[in-house]
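Residue numbers (my numbering): 34 to 459.
The C-beta atom is built at its ideal place from N, Cα and C for all residues, glycine as well.
All figures in this text were calculated on a predicted structure; none of them were measured in a lab.
Shown next, in structure tokens, is the structure this report addresses.
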């Protein structure tokens, strides 16, 4: 009875000549086929997951804009390649996967770091430099890994030591601690960004302000926990920070009262919802719409495009006019003078018609006209009306109504009196 031949496990490739020779063998085609299959499976899984998630958007860290530029695709490809390496390595001498695995690890690290930094610090200029730093470190580690020099470099770095107090530290331990701290902080930023996106999605008005408060508090808490874990990974004893914490508390109590008051006021504003993003307010003589409510300050943007950065403490301790606290409607008036000989009923009808002709003026409650004063030169009538969308401008609507009133008075021969004065000359 013929015996079944045993397949012996391939020997690892330790030298450069053997590694290069492995690329000339026919088994490379098997590895390339397995790698292509992993790419196809990863792409298919990403497409299926992206279509199945209704909450997907173009800013997703996992999917990116096209799926292939997100974190999920190289991460799935890395996992599948690891499985393929374990299977194929039982029968052939691997060469392609020895390069593919380090490249995929570097690509995953770069994608995670860059994507998270762009979402967490979208407008920060220093984030761009940090992205380049992460890329250079990842590709350098990949080259050292593939070339086999990484263990040698780490061993040499481990030999450089010095004593700090009662502890002995090496360059290798510091680098590993910094890398661990960076990974923990990036993971913390990723979680906080995902929670913020989930909380702020489809939120408006007061709900948006409340969710913004929860998002800010969650991010601050996660960053604090991440910082503590990062310091522990570097080797810093957290009990030594008790003295620093006491000093910070004294500094807040004496020198940082205003700063602490602004931060506390910001959370109070977001929690009680007395002012919300999108409200039209007037504070310290400046009128505009609230566009941002941050932990320390609030941004108010006027209709002319100017922005006022208001400390949150000022919004708590001073008088603030919220023109849209109950609703977004705004009441406006304009004053018109006509001659004393004019028919008041006819003028009232013309003024009401001019106001009602504007689409932005509410019909319920409808505009009103009052004979407000007997002026020195003529009768003064006040036209009052409610605006449905003050965020689209106020002066432009008043101008349109005034122009319509002027045209109506001229068409009906109603005089707008000029100032008249009697001068006695000796």
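Spatial distance of residue 445 from residue 371 (CA atoms): 12 Å
Enumerate in chain order the residues of its own chain whose CB-to-CB distance from residue 148 is below 8 Å, with the five nearest sequence positions on each side excluded. 94, 97, 103, 104
Taking its Cβ as the centre, do 16 or more other Cβ atoms sit within 10 Å of residue 419, making it buried, or is it exposed? That one is buried.
Would you tell me roughly how many angstroms separate the C-alpha atoms of residue 430 and residue 415, rounded to the nearest one? 16 Å
Give the secondary structure of residue 363 by DSSP, where H, G and I count as helix, E and B as strand, and everything else as coil. Strand at residue 363.
Locate the beta strand (DSSP E) running through residue 124, then write down its first and last residues. Unbroken run through residue 124: none, as it is neither H nor E.
Quick one: what's got a C-beta closer than 7 Å to residue 452's C-beta in the same chain, skipping five residues either side? 410
Buried or exposed: residue 291, going by 16 or more other Cβ atoms within 10 Å of its Cβ? exposed
Starting from the C-beta of residue 256, find all residues in its chain whose C-beta is less than 8 Å away, skip the five residues before and the five after it, and write them out in chain order. 218, 221, 222, 225
For the region 400-455, which segments carrying the alpha helix (DSSP H) assignment without a break, of at least 4 residues, lie completely within its bounds, in sequence order? 428-444
In the DSSP assignment, find the alpha helix (DSSP H) that holds residue 300 and state where it starts and stops. 290-305
What three-state label does DSSP hand residue 213 in the structure shown? helix
Is the beta carbon of residue 109 sitting closer than 9 Å to the one on residue 74? yes
Contact the region 295-312 vs the region 344-358: 3+ CB pairs below 8 Å: yes
Three-way DSSP call (helix, strand, coil) for residue 340 in this model: strand
Could you check which residue in 384, 342, 59, 449 has the C-alpha nearest to that of residue 129? 59
Based on the DSSP output, what are the partners of residue 114 in its beta bridges? DSSP, once it has assigned bridges, lists no residue as partnering residue 114.
Can you check whether the CB of residue 145 is closer than 9 Å to the CB of residue 114? no
Whole-number beta carbon distance between residue 442 and residue 6, since they are thought to touch under 8 Å: Residue 6 lies beyond the residue range present for the chain, which begins at 34 and ends at 459; the question has no answer from this structure.
Status (buried if at least 16 other CB within 10 Å, exposed otherwise) for residue 439: exposed
Nearest by alpha-carbon distance to residue 427: which of 335, 138, 261 is it? 335
Work out the CA separation of residue 106 and residue 389 for me, nearest whole Å. Rounded to the nearest angstrom, the gap between the Cα atoms of residue 389 and residue 106 is 58 Å.
Using a 10 Å radius around the Cβ and a threshold of 16 neighbouring Cβ atoms, would you call residue 423 buried or exposed? buried
Let's see if you can read the secondary structure: which residues bound the alpha helix (DSSP H) around residue 59? Residue 59 -> no alpha helix (DSSP H), and no H or E assigned at all.
Taking the C-alpha atoms as reference points, what is the distance between residue 454 and residue 374? 18 Å
Pop quiz: residue 183 and residue 208 are said to be a contact at Cβ under 8 Å. What is the actual Cβ separation, rounded to whole angstroms? That belief does not hold up - the Cβ atoms of residue 183 and residue 208 are roughly 12 Å apart, past 8 Å.
Kindly indicate which three-state DSSP category residue 192 falls into: helix, strand or coil? helix
Alpha carbon of residue 261 to alpha carbon of residue 77, nearest angstrom: Within the model, the alpha-carbon separation for residue 261 versus residue 77 is close to 39 Å.
Please tell me whether residue 341 and residue 321 are closer than 9 Å, where the distance is taken between their beta carbons. yes
Locate the alpha helix (DSSP H) running through residue 378, then write down its first and last residues. It spans 377-389 - the alpha helix (DSSP H) in which residue 378 sits, taken as one unbroken run.
Compare the beta carbon distance of residue 331 and residue 308 with 9 Å and say whether it is the shorter of the two. yes
If you check the beta carbons only, do residue 142 and residue 171 fall under 9 Å apart? yes
Ordered along the chain, which non-local residues of its own chain (more than five positions away) have a Cβ less than 8 Å from that of residue 425? 393
Through-space distance from residue 404 to residue 461, alpha-carbon basis: Beyond the ends of the chain as shown, which are 34 and 459, falls residue 461; an answer cannot be given.
Please work out which residues of its chain come closer than 7 Å, Cβ to Cβ, to residue 369, disregarding the five sequence neighbours upstream and downstream, and give them in chain order. Taken in chain order, the residues that qualify are 384, 414, 416, 438.
I'd like the span of the alpha helix (DSSP H) that includes residue 346, first residue to last. 345-350
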